[in-house]
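K.L.:
Dumping the structure here so I can ask a few things about it.
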Amino acid sequence: MMGQSEKLQKIAAEALEQGQVTMVLGWCKKDFWWQAPVAFITDPASAARLVWDPFTVYNPVKYLLDNHHCHEKIGVFVKGCDSRAVNRLLQDRRLEREKVVLFGVPCDGKTDAAKIKAAFPGRKISAVSRVDEKLLVDTDSGTETLPAAGYLLDKCQTCRHPNPVVYDVLAWEKVEPRPGVDDARFVRVAAVEQKELEERYAYWLRQFDRCLRCFACRNVCAACNCRTCIFDQAEPRWIGKASDLADTLNYQIIRAFHVAGRCFECGECERVCPADIPLQELNRKLIKDINEYFGEYEAGLDPNDKPPLGTYRGEDPAGFDES
Amino acid sequence: MSVKPEGFEPLIVAFCCNWCSYAGADLAGTSRMAYPTNVRIIRVPCSSRVNPSFIIRAFQRGADAVLVAGCHPGDCHYHSGNFFTRRRFTVLKQMLEYMGIEPERFQVRWISGSEGAKFASVMNNITAEVKSLGPNRKLRDAR
Amino acid sequence: MRYSYYPGCTLKTKAKVFEDTTLQTARALGLEFAEVEEWQCCGALYPLNTEEVFPLLSPVRSLAQARAAGCTKLVTLCAGCYNVFRRTNRTMRSDAEVRGKINGYLEEDYRGQVDVVHYLEILKNDVGFAELAEKVSRRLEGRKIAPYYGCLLLKPRNEMDFDDVENPTIFEDFLRALGANVVEYPYRTECCGSYLSMANEEVAATAVGRILTSAFKNGAEALVVACPLCKYNLEEYQKGFREAAGSPAAGIPVLYFTELLAEALDVREQDGQ
Amino acid sequence: MKRIGVFLCWCGSNIAATVDIEETMAAARKMPGVVYVDHNKYTCSEIGQAMIREAIAAHRLDRVVIGSCSPRMHENTFRKTVEAAGLNPFYLEIANIREQCSWVHKDKLTATEKAISLIRTAVAKAARSEPLFSTEMSIERRALVIGGGIAGIQAALDIADAGFEVDLVEKEPSIGGRMAQLDKTFPTLDCSACILTPKMVDVAQHGNINLITYSEVEKVEGFVGNFTVTIRNRARSVDMEKCTGCGDCYAKCPSKVDSEFEMGLAKRRAIYTPFPQAVPNKPAIDRANCRYFTSGKCKVCQKVCPAGAIDYEQQDQLVEKKYGAIVVATGFDTHKLDNYGEYAYGKHPDVITSLEFERLVNASGPTGGKILRPSNGQPPKNVAFIQCVGSRDKAKGNPYCAKICCMYTAKHAILLSEKVPGANAFVFYIDVRTPGKDYEEFYNRAYEECGATYIRGNVSKVFPDGDKLVVRSVDALSGALVELVVDMVVLATSVDARADARELAQKLSITTNAYNFFNEAHPKLRPVETQTAGVFLAGACQGPKDIPDTVAQASAAAVKVVSLLNKESLLSNPTVAEVDIKLCSGDMSCLAVCPYGAIAEKFIEERHGREIRKRRVAEVNTALCQGCGACTVACRPGAINLKGFTNEQILAEVDAICL
Amino acid sequence: MKVTTDKINSNLIKEVEEVSGQKVSACFQCAKCTGGCPVVWAMDVYPHQILRYAQLGLADELLNSKTLWICASCQTCDSRCPREVDIPKVIEALRLVLLRARGGNYLHPNNLPARVLENAPQQGLVSAFRKYAR
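Protein chains in written order, with my numbering: chain B, 1 to 323; chain L, 324 to 466; chain P, 467 to 739; chain R, 740 to 1398; chain W, 1399 to 1532.
What follows is the structure, given as structure tokens:
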């Protein structure tokens, strides 16, 4: 039986050979066992570099913004979350569907390297592979087995769409969402909501005080796809340049507002944050409120629908005193 | 809790749409309906012109409260502007509360051109509410 | 095709003939009806208030069993069971709160994955009335039969989605497939009095009288039903009705649709065989 | 650095009594960019305005701030003042220190403090103001009227009488619309045809009206004063030039189909005019039902036509025309009764709709004006009229009131008593609504003089019983159950928007309400305008209404059109949105929130090394933009800005207030 | 029968709306429910009157009404109601309020005729006891 990596390699090689695409974006292995960076494959022979392993978490879709001009057609491997990024870009008219061939990869959740490392303190790990619901960890003192479910990235534990929502080819059979993901979706938001007002402000101050304004959250986000971000402009200057906490709050509030109704919950912002700021708690709060006030809406499922802040109903309720 | 200095006079920034709420403010004037001096109005064509960034900026620069006022839903001079206002600021308001900003600090109200009395009473209320909260330190520049 | 089959209490007792003819005809049509293993009474009525949730436990248990057995459809015969199951299933699909409560109690994860269908719907959609007509060996030629729908198959309008509430046609189409002459009469969807026959017999008797008179005036020689309670009422008060009015409308036989089907397919086994 | 002049108005004592002018002036002098400060008792007076003009010249001022009454009062006055001094009128900012300061505050100290703040804010905004210009646009002095019912006919006649050319587009072979189907009209009972057909003839004969029947609007481009409309002239298969309207063709045509005009109560031929008084009185071939077009054989009409006017080869033609204004008058559809099985419509021939009844009463209708039961051709003795069928029903029909049914049902009851002596009318109603001149009296007449029995109860079910109909209801007033045996049931069917209304709205960039009726620009103050300038509404396409209201609205729309076409040229609003294409990502979020269809996408070409790339950006049509600014907030990168209320200006105002 | 401010302002509507999940105040008294009710002739308070009484807070009249025990929940009325009020649910709510407040059951097995007990289908017996007893 063909391994999962081999399946991806075959799909990519065939698409390149047949001239269906001139480049394929997928994942490859480089220096570290815990990383599977995005690979740009342009000839069938290099397709063998492609892998599917516990760490193929990166979203290759945003790279299309830089590359779609140079190629007739690009093939992209997309997990559930990545496919919703495609819909995000399609809805934002930053991508044309005809210019991409989507190789859907049903995903059973990616592994959190930090959790693995923590499980083997002091031991050197050389490789981690996944067999069904088991992780095989090669360490300097032998191979260990871990249950995959216990070592998932946080973001994958609440993933409602592990299967690509849009694709041309499917690499293998679809998987079932993890049980309980629906209930888990807003648990953290509810926990913050439970706090007292002052406690909440203190909480967020604590979080954002760590913010370096490195903009990694923005740069990784497929919903943040403006050609020039409003925060990078000199005139008018929307936020101050110095690292004032008030400017940081301004940035974070407006960032969250700009993805309101558009965030498709991939959780990349939170994952890449070097300061571990729980940005999903903010993004999902907005999703929760939009659902409650304006009706259930899930971004990134249909590029032809209207984002909730770009439409209205006359009978909408208001979150303020309308008397 | 912030410390309330003696005789604290809050600064309130109000964004009023030209056709309804600004006209309502003018009517309060022509009807000589007194209200406190704490409010400063910025005239915008429509409440849908108000960018959340303006609101955060006002807090950053030292506003103790921000009000956005527009036509009642269905009466927008531009037909649908305030429907977008309603959605945008429903989201923003919940988010600010979630981040620990007192709900009184950011308010959205519908005030028509004929509601001079309502304009005055909204001003009275918001001033009183913010006075009792004390000066705003949240979201504010360190300088 | 394989269906989960929920018989319900009445089909196992007073309406044995309903079950017998159902299973006989299903077999003849190549339909596999696998009885839900540990079914309980469906409760007979769907709760009509916001406070009662636990009456749904029993139907959900059966539905979850059907799903576990790998069936995508659960078939019921009795209109009462059908009504309860259909509405329960709809609630389990659309109401997250109730779903959470029920699943929590049952330790299940049922979300309405199984479709609840009535045998008539299987005949219409899965077998096909045109195909059914071809399989009929003893056409009911010349038999003047009036379909009686009652309420539970059709209503509430937006929950049952069985047929047009005011002008349903599935029974008529079914009878035509069997070769019968369909009697049209306006009272075919008027209530027979339902459970009032337990406590307010005169009310039920009057309701029944109207239905029978209307059917008789339009030439009915028999009534066909899908509900044991309708059948009971229509038969029980026919007698009193006859005494009271001396109407010739009395003496109209009331049959389950499966009895006619068994006859037309010529698979009716006699009792004890 | 800008050279800003600040002028404070006393407004007599209105301002000066509460605001310390001296102190305010002193503060203003210290504001950044302010080079000159002055004051005046009444700035709006000629003396006051002259002072400003002189100061601009003397001190080379390039921005002006006036602290005075509300800009809603004198902004235009002072703009002209500034313009007269050679500055762009939008270099003016007004600080509202009267309505929003001196008149609402009593304490001089704090009021002065606030006035200073308001001046500072206005100075900050003025310092960032840019010159703005209106553009002048020519006007195409022709109007398009869509729909040839009474609304379209009235609008076309009024516009044409004012001296402008009008194209009247009607999708049927004849104009006339719904009103042509009616018999009498309430509350006067004058004959519908008698008052309508002369107007139809006027339309045909009017030198300024160009009648385009059997045609539909395909595409609308452009903006107020300059619309380009593509009209599809459907192939009529009859040469309009040659046809004399003799009628030989439809007398001989062998294929009969249900007549739409007669609501299916009579037949028409495949080649037909909808009704005898049709305008133009020239037939069209309904190709779907024509024997020649369906089977390739027949050609009877061609053989009998003495004028040689039959042309089977005709094709649909697309014609592009230019207009300055458009009136939409597309009327209504009657509600489909699929959800009302309880009334046995379609199950029993004697259950009919109100419009069918209208044809039965009509002297030119299928029964020659005799009210006869469709089942047996006998006059009915007892007739039940059921109101609100499909109206006021949020479960199965329209939640709104169709407005006309109460009155036409009263009319039907009266007509029944006149045409069938001794017949009884039973009207089942929920509420009887008769606001309108002489309407209540008309309704009174139905039950007082004409014997109609009004029963307050919605009919729940109609049971066919032999050749009779049993109507079951309750009289809610007495609490008595009602079971009537009648000969005929007339359903007061609700009024729906046209099935294709949404499609037409999209073409015109106008909006509809939840039930697809076109939206007026303001529910009270702009009832015939739409939010797209130059597009006006008349009649039931805007909402259910009766003939008097329809005609009033049509004339109102015509006045709006005429006053528009009378203008020399149009000046565009200068405070419009503007796209910075450097920043624009082309995601068109702005377009989604624009109520005027003023934003379109366009592709620009950019050089990247050797390669030329196309890029999508938004573009504002300044003729359509009304300057609300909703787009500026929808635009995340801030690429779309609103002139006169720019991001820079508003942020500066915020900063100045919070100083 | 008399309407008073106290009655109109009583908690009855609220309680009925809560238990039934139906908006009693949505009813505009078209009476289509009553017109089509197959057992209306046996009722003392008609379906549209049930809603009106509830709107006006006429608790005694409602709770003493025979109608509560006559309604067969056939749902003909709500399938035609233009205001989307599920009237059987309102009646059911009243029945529950009554059974709860006053205790006692409307129907007891001992009161059923032997003929009925013997012949009636289980479906009928179960339904009746679900409706008429706690």
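Glycine residues also receive a C-beta, built at the ideal position from the N, C-alpha and C atoms.
Quick one: Cα of N1503(W) to Cα of K1200(R), how far?
P.N.:
If you draw a straight line from the Cα of N1503(W) to the Cα of K1200(R), it comes to about 34 Å.
K.L.:
Give the interface partners of I1197(R) over in chain W, defined as CB-CB distance under 8 Å, in chain order.
P.N.:
The question names Ile, but residue 1197(R) is Asn in the sequence shown. Under the 8 Å cutoff, chain W gives C1428, A1429, K1430, G1433, P1480.
K.L.:
Hey, would you say T700(R) sits closer than 9 Å to P1334(R), going by beta carbons?
P.N.:
Only positions 740 to 1398 of chain R appear in this structure, which leaves residue 700(R) out of reach.
K.L.:
Exposed or buried, what is I253(B) when buried is set at 16 or more other beta-carbons lying within 10 Å of its beta-carbon?
P.N.:
Result: buried.
K.L.:
Can a CB atom of chain R be found closer than 9 Å to the CB of C343(L)?
P.N.:
no
K.L.:
Taking the straight line between their C-alpha atoms, what separation do you get for F231(B) and W33(B)?
P.N.:
35 Å
K.L.:
Do A113(B) and F77(B) have their CB atoms nearer than 9 Å?
P.N.:
Going by C-beta atoms, A113(B) is not nearer than 9 Å to F77(B).
K.L.:
DSSP state of K1464(W), grouped into three classes?
P.N.:
coil
K.L.:
State the Cα-Cα distance for the pair Q739(P) and A492(P), rounded to the nearest angstrom.
P.N.:
With a pLDDT of 38 at Q739(P), under the threshold of 50, the modelled position of this residue cannot be trusted; read the value that follows with caution. Answer to the nearest angstrom: the Cα atoms are 18 Å apart.
K.L.:
Using the beta-carbon of each residue, which ones in chain R are nearer than 9 Å to T311(B)?
P.N.:
A1331, V1332
K.L.:
How about L1230(R) and I1153(R): are their beta carbons less than 9 Å apart?
P.N.:
no
K.L.:
Given that a residue counts as buried once 16 or more other Cβ atoms are within 10 Å of its Cβ, and exposed if not, what is M1441(W)?
P.N.:
buried
K.L.:
What is the DSSP secondary structure of V1201(R), reduced to helix, strand or coil?
P.N.:
Reduced to three states, the DSSP call for V1201(R) is strand.
K.L.:
Any beta carbon from chain L within less than 9 Å of E1317(R)'s own beta carbon?
P.N.:
no
K.L.:
What would DSSP say about V1301(R), mapped onto helix, strand or coil?
P.N.:
helix
K.L.:
Going by DSSP, what residue range makes up the alpha helix (DSSP H) through R527(P)?
P.N.:
523 to 534
K.L.:
Going straight from the alpha carbon of F382(L) to that of H1261(R), what length do you get?
P.N.:
35 Å
K.L.:
Is DSSP giving S325(L) helix, strand or coil here?
P.N.:
For S325(L), the predicted model reports a pLDDT of 45, less than 50, meaning its position is unreliable; a value from the coordinates is still stated below. In the structure shown, the three-state DSSP call for S325(L) is coil.
K.L.:
Report yes if the CB atom of E904(R) is closer than 9 Å to the CB atom of I948(R), and no otherwise.
P.N.:
yes
K.L.:
Span of the beta strand (DSSP E) holding Q1453(W)?
P.N.:
From DSSP, Q1453(W) is part of no beta strand (DSSP E) but of the alpha helix (DSSP H) over 1445 to 1454.
K.L.:
Contact check, S1324(R) vs P1287(R) under 8 Å by CB: the rounded distance?
P.N.:
Actually they do not touch by this definition, with Cβ atoms about 52 Å apart.
K.L.:
Anything in chain R within Cβ reach of V1437(W), meaning under 8 Å, just list it in chain order.
P.N.:
Per Cβ cutoff of 8 Å: no residues; V1437(W) is ~12 Å from chain R at best.
K.L.:
Residues of the segment 625 to 654 of chain P with a CB closer than 8 Å to any CB of chain R: list them in chain order, please.
P.N.:
D630, V631, E632, N633, P652, Y653
K.L.:
Give the residues from the segment 246 to 259 of chain B that approach chain L closer than 7 Å (Cβ to any Cβ), ordered along the chain.
P.N.:
A246, L249, N250, I253, I254, A256, F257
K.L.:
What residues of chain B sit near E1387(R), judged by a beta carbon separation below 9 Å?
P.N.:
E235, P236
K.L.:
Give me whichever residues DSSP pairs with Q1056(R) in a beta bridge.
P.N.:
N972(R)
K.L.:
Compare the C-beta of P1519(W) with all C-beta atoms of chain P and state if any pair is closer than 9 Å.
P.N.:
yes
K.L.:
Can you find a CB in chain L that lies within less than 9 Å of the CB of R200(B)?
P.N.:
yes
K.L.:
To which residues does DSSP link T139(B) through a beta bridge?
P.N.:
I125(B), G142(B)
K.L.:
Here's a check: name, in chain order, each residue in its chain whose Cβ is nearer than 8 Å to the Cβ of E281(B), leaving out the five neighbours to either side.
P.N.:
R188, V189, V192
K.L.:
Give the straight-line distance between the Cα atoms of L928(R) and E1157(R), rounded to the nearest whole angstrom.
P.N.:
12 Å
K.L.:
Using the Cβ count rule (16 or more neighbours within 10 Å means buried), how would you classify Q430(L)?
P.N.:
buried
K.L.:
So what's T1232(R) in DSSP terms, helix, strand or just coil?
P.N.:
Strand at T1232(R).
K.L.:
Residues of chain L with CB under 7 Å from A318(B), in chain order?
P.N.:
Correct list: R409, T413.
K.L.:
If I measure Cβ to Cβ from Y661(P) and keep anything under 8 Å in the same chain, skipping five residues before and after, which residues do I get?
P.N.:
L695
K.L.:
Anything in chain L within Cβ reach of C1397(R), meaning under 8 Å, just list it in chain order.
P.N.:
Within 8 Å Cβ-Cβ: L334, V336, A381, R384, G385, A386.
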